[in-house]
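Per our numbering, residue 354 is the first one in the sequence shown, and the count goes up by one each step. Note that the Cβ used here is the ideal one computed from N, Cα and C, for glycine as well. In this text the structure is predicted, and so the values were computed from the model without any measurement.
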Amino acid sequence: MILRTLAIALTALFVAVGAQAQQAAQREITNIAGDLYRFQNNFHVAVLLVTPEGVIATDPIDADAAKWLQAEVETRFGVPIKYVVYSHHHADHASGGEVYGDDVVFVGHTNVTKNLTGSHAGVRAPDVTFNDRMTLTLGGKSVELIHVGANHSDDMIVMHFPVERAVFTVDFISVKRLPFRNLAGAAIPGWVDSIRAVEAMDFDILVPGHGPVGTKADAAEHRRYFEELIAAVGDGMKAGKSLETLKQEISLPHYATWGAYTDWLALNVEGVYTALSN
Numbered sequence: 354m355i356l357r358t359l360a361i362a363l364t365a366l367f368v369a370v371g372a373q374a375q376q377a378a379q380r381e382i383t384n385i386a387g388d389l390y391r392f393q394n395n396f397h398v399a400v401l402l403v404t405p406e407g408v409i410a411t412d413p414i415d416a417d418a419a420k421w422l423q424a425e426v427e428t429r430f431g432v433p434i435k436y437v438v439y440s441h442h443h444a445d446h447a448s449g450g451e452v453y454g455d456d457v458v459f460v461g462h463t464n465v466t467k468n469l470t471g472s473h474a475g476v477r478a479p480d481v482t483f484n485d486r487m488t489l490t491l492g493g494k495s496v497e498l499i500h501v502g503a504n505h506s507d508d509m510i511v512m513h514f515p516v517e518r519a520v521f522t523v524d525f526i527s528v529k530r531l532p533f534r535n536l537a538g539a540a541i542p543g544w545v546d547s548i549r550a551v552e553a554m555d556f557d558i559l560v561p562g563h564g565p566v567g568t569k570a571d572a573a574e575h576r577r578y579f580e581e582l583i584a585a586v587g588d589g590m591k592a593g594k595s596l597e598t599l600k601q602e603i604s605l606p607h608y609a610t611w612g613a614y615t616d617w618l619a620l621n622v623e624g625v626y627t628a629l630s631n
């Protein structure tokens with residue numbers, strides 16, 4: 354009985370250690386270009402611009418991620434985080450700001466503050482807000498913050514790093530992956546207009562908030578997916594077809610190799626149908 358109890362305890366310990374090791378392996382900082390870095394925390398991504406006077410960071414993601422990042426930045430780069438820029442208000446990207454002290458300035462779109470209700474109420478409010486665009490400069494380096502209209506949310510911004518020729522886009526552009534599930538709260542066709550605005554920017558490197566790094570061509574391909582999806586759903590609605598029929602009939606085979614195609618295509622159809630019905 355004692356041996357069996359010991360074996361169970363050791364098994365539980367090994368499982369716990371293995372889980373911790375797996376979590377640590379999914380949290381890393383990698384260079385994108387120049388002084389711009391990508392921070393991955395499990396399935397979420399943020400970016401960092403390192404300057405001699407400190408770091409401009411983006412979405413905290415959550416408290417544990419923010420604690421890890423703050424310590425790692427000071428150890429690796431020898432400078433503190435000075436600014437945190439919100440891509441938008443959704444808690445899975447914007448949570449964790451309470452970890453940083455009052456000397457860290459939080460920046461976001463004007464609509465972020467009004468949207469911090471319900472499940473997002475615990476998100477730290479931005480100290481500085483803007484409407485259309487803002488250039489944030491620190492240590493001789495700059496990032497352009499640009500509101501491209503309503504898409505996944507009405508406070509979404511794009512972060513353009515002109516020297517590194519990169520943009521950071523969260524949740525409304527992915528690289529060879531379908532948009533998330535049923536596009537809850539999506540602005541259609543505003544989403545397509547937002548992607549076109551990104552395509553008009555001068556950049557080479559596309560860094561999404563989830564998944565791998567891509568290029569401007571990936572943004573264009575994501576936009577074409579949306580255009581084809583919206584057209585297919587709109588044509589079906591004009592023909593009087595029900596949502597359930599459209600979810601079964603619509604297939605976009607050109608995108609069949611994309612991530613989540615099997616699981617999320619019908620949900621994407623549902624999201625567009627709901628948006629076009631309103």
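Practice task
Pull up the distance between the alpha-carbon of residue 459 and that of residue 438, whole angstroms please.
Solution key: One-based indexing of the sequence shown puts residue 459 at position 106. One-based indexing of the sequence shown puts residue 438 at position 85. Going from the Cα of residue 459 to the Cα of residue 438 covers about 6 Å.
Problem - Option nearest residue 487 by Cα separation, candidates 585, 479, 497 and 398 - result: Start at 1 with the first residue of the sequence shown, and residue 487 comes out as number 134. Ranking 585, 479, 497 and 398 by Cα distance to residue 487 puts 497 first.
Handout entry: C-alpha distance - residue 576 paired with residue 545, whole-angstrom precision
Key = For the purposes of this step, residue 576 is taken as the residue at position 223 of the sequence shown. For the purposes of this step, residue 545 is taken as the residue at position 192 of the sequence shown. Computed Cα separation, rounded: 6 Å.
Practice task
Output the boundary residues of the beta strand (DSSP E) element that contains residue 512.
Solution key: By one-based count along the sequence shown, residue 512 stands at place 159. Segment 510-514, the beta strand (DSSP E) holding residue 512.
Exercise for the section: Could you name the residues that DSSP lists as bridge partners for residue 487? Expected result: Here the question's residue 487 lines up with position 134 in the sequence shown. Looking at the DSSP assignment, residue 487 forms a beta bridge with 498.
Problem - Element boundaries [beta strand (DSSP E), containing residue 423] - result: Your numbering for residue 423 matches position 70 in the sequence shown. Residue 423 -> not in any beta strand (DSSP E); alpha helix (DSSP H) instead, spanning 416-430.
Exercise for the section: Report buried or exposed for residue 522, applying the criterion of at least 16 other Cβ atoms within 10 angstroms of its Cβ. Expected result: Taking the sequence shown and counting its residues from 1, the one referred to as residue 522 is at position 169. Flag for residue 522 reads buried.
Problem - Short Cβ contact (8 Å threshold) for residue 416 with residue 452 - result: To locate residue 416, count along the sequence shown from 1; it is residue 63. To locate residue 452, count along the sequence shown from 1; it is residue 99. Yes; because the gap between Cβ atoms is below 8 Å, this pair is in contact.
Exercise for the section: Consult DSSP for residue 517 and reduce its assignment to one of helix, strand or coil. Expected result: Here residue 517 corresponds to residue number 164 of the sequence shown, with the count starting at 1. The answer is coil: DSSP assigns residue 517 none of H, G, I, E or B.
Problem - Pair within 8 Å by beta-carbon distance, residue 644 and residue 596 - result: With the chain covering only 354 through 631, there is no way to say anything about residue 644.
Practice task
Alpha carbon to alpha carbon, how far is residue 394 from residue 418? Give it in angstroms, no decimals.
Solution key: If you number the sequence shown from 1, residue 418 lands on position 65. If you number the sequence shown from 1, residue 394 lands on position 41. Cα to Cα, residue 418 sits roughly 7 Å from residue 394.
Handout entry: Ordered list of alpha helix (DSSP H) runs contained in the region 574-620, each at least 4 residues
Key = 596-602
Handout entry: residue 517 and residue 382 closer than 8 Å at C-beta
Key = On the sequence shown, position 164 is the one that residue 517 refers to. On the sequence shown, position 29 is the one that residue 382 refers to. No, the Cβ-Cβ distance between residue 517 and residue 382 is not below 8 Å.
Handout entry: Within 8 Å, strictly: CB atoms of residue 612 and residue 562
Key = Indexing the sequence shown from 1 puts residue 612 at position 259. Indexing the sequence shown from 1 puts residue 562 at position 209. Cβ distance not < 8 Å, so residue 612 and residue 562 don't count as in contact.
Practice task
Quick one: give me the first and last residue of the beta strand (DSSP E) that residue 545 is part of.
Solution key: Locating residue 545 in the sequence shown gives position 192, where the first residue counts as 1. No beta strand (DSSP E) contains residue 545, which is instead part of the alpha helix (DSSP H) from 543-552.
Practice task
Enumerate in chain order the residues of its own chain whose CB-to-CB distance from residue 647 is below 6 Å, with the five nearest sequence positions on each side excluded.
Solution key: Residue 647 lies beyond the range of the chain shown here (354 to 631); nothing can be said about it.
Problem - Same chain, Cβ closer than 7 Å to residue 620, neighbours up to 5 away in sequence not counted - result: Indexing the sequence shown from 1 puts residue 620 at position 267. Same-chain partners within the cutoff: 534 and 535.
Exercise for the section: Using the DSSP secondary-structure output, state which residues sit across from residue 390 in a beta bridge. Expected result: As a first step, residue 390 must be located in the sequence shown, where it is residue number 37. Paired residues: 384 and 401.
Handout entry: From 600, 427, 531 and 513, residue whose alpha carbon lies closest to that of residue 610
Key = Reading the sequence shown from its first residue, position 257 is the one you call residue 610. For residue 610, the nearest C-alpha among the options comes from 531.
Problem - Counted within 10 angstroms of its Cβ, other Cβ atoms place residue 505 as buried (16 or more) or exposed - result: Locating residue 505 in the sequence shown gives position 152, where the first residue counts as 1. Buried.
Problem - When 475, 569 and 603 are compared against residue 582, the one with the closest alpha-carbon - result: For this step, residue 582 is matched to residue 229 along the sequence shown. Here the closest residue by C-alpha is 603.
Problem - Cross-strand partners of residue 459 (DSSP beta bridge) - result: As a working mapping, residue 459 is identified with position 106 in the sequence shown. The partner list for residue 459 (beta bridge, DSSP) reads 437.
Handout entry: Alpha carbon of residue 466 to alpha carbon of residue 580, nearest angstrom
Key = Within the sequence shown, residue 466 is the residue found at index 113, counting from 1. Within the sequence shown, residue 580 is the residue found at index 227, counting from 1. Roughly 31 Å between the two C-alpha positions.
Exercise for the section: State the beta-bridge partners of residue 567 as determined by DSSP. Expected result: Here residue 567 corresponds to residue number 214 of the sequence shown, with the count starting at 1. Its beta-bridge partners are 559.
Practice task
Identify the continuous alpha helix (DSSP H) that holds residue 447 and give its terminal residues.
Solution key: Start at 1 with the first residue of the sequence shown, and residue 447 comes out as number 94. That run of the alpha helix (DSSP H) goes 444-447.
Problem - Euclidean distance between Cα positions of residue 397 and residue 567 - result: As a working note, residue 397 is residue 44 in the sequence shown. As a working note, residue 567 is residue 214 in the sequence shown. So the two alpha carbons sit approximately 16 Å from each other.
Handout entry: Cut-off 6 Å between Cβ atoms - residues of its own chain near residue 571, not counting five sequence neighbours on either side
Key = For the purposes of this step, residue 571 is taken as residue 218 along the sequence shown, with counting starting at 1. Once the five neighbours on either side are set aside, the close Cβ partners of residue 571 are 528 and 559.
Problem - Inter-residue spacing [alpha-carbon to alpha-carbon] between residue 432 and residue 405 - result: Here the question's residue 432 lines up with position 79 in the sequence shown. Here the question's residue 405 lines up with position 52 in the sequence shown. If I take the Cα positions, the gap works out to 7 Å.
Handout entry: Separation of residue 514 from residue 552, as counted between CA atoms
Key = In the sequence shown, counting from the first residue as 1, residue 552 sits at position 199. In the sequence shown, counting from the first residue as 1, residue 514 sits at position 161. Straight-line Cα distance between these residues: approximately 14 Å.
Handout entry: Check whether residue 578 and residue 608 have beta carbons under 8 Å apart
Key = Stepping through the sequence shown from its first residue, residue 578 is reached at position 225. Stepping through the sequence shown from its first residue, residue 608 is reached at position 255. For residue 578 and residue 608, yes; Cβs fall inside 8 Å.
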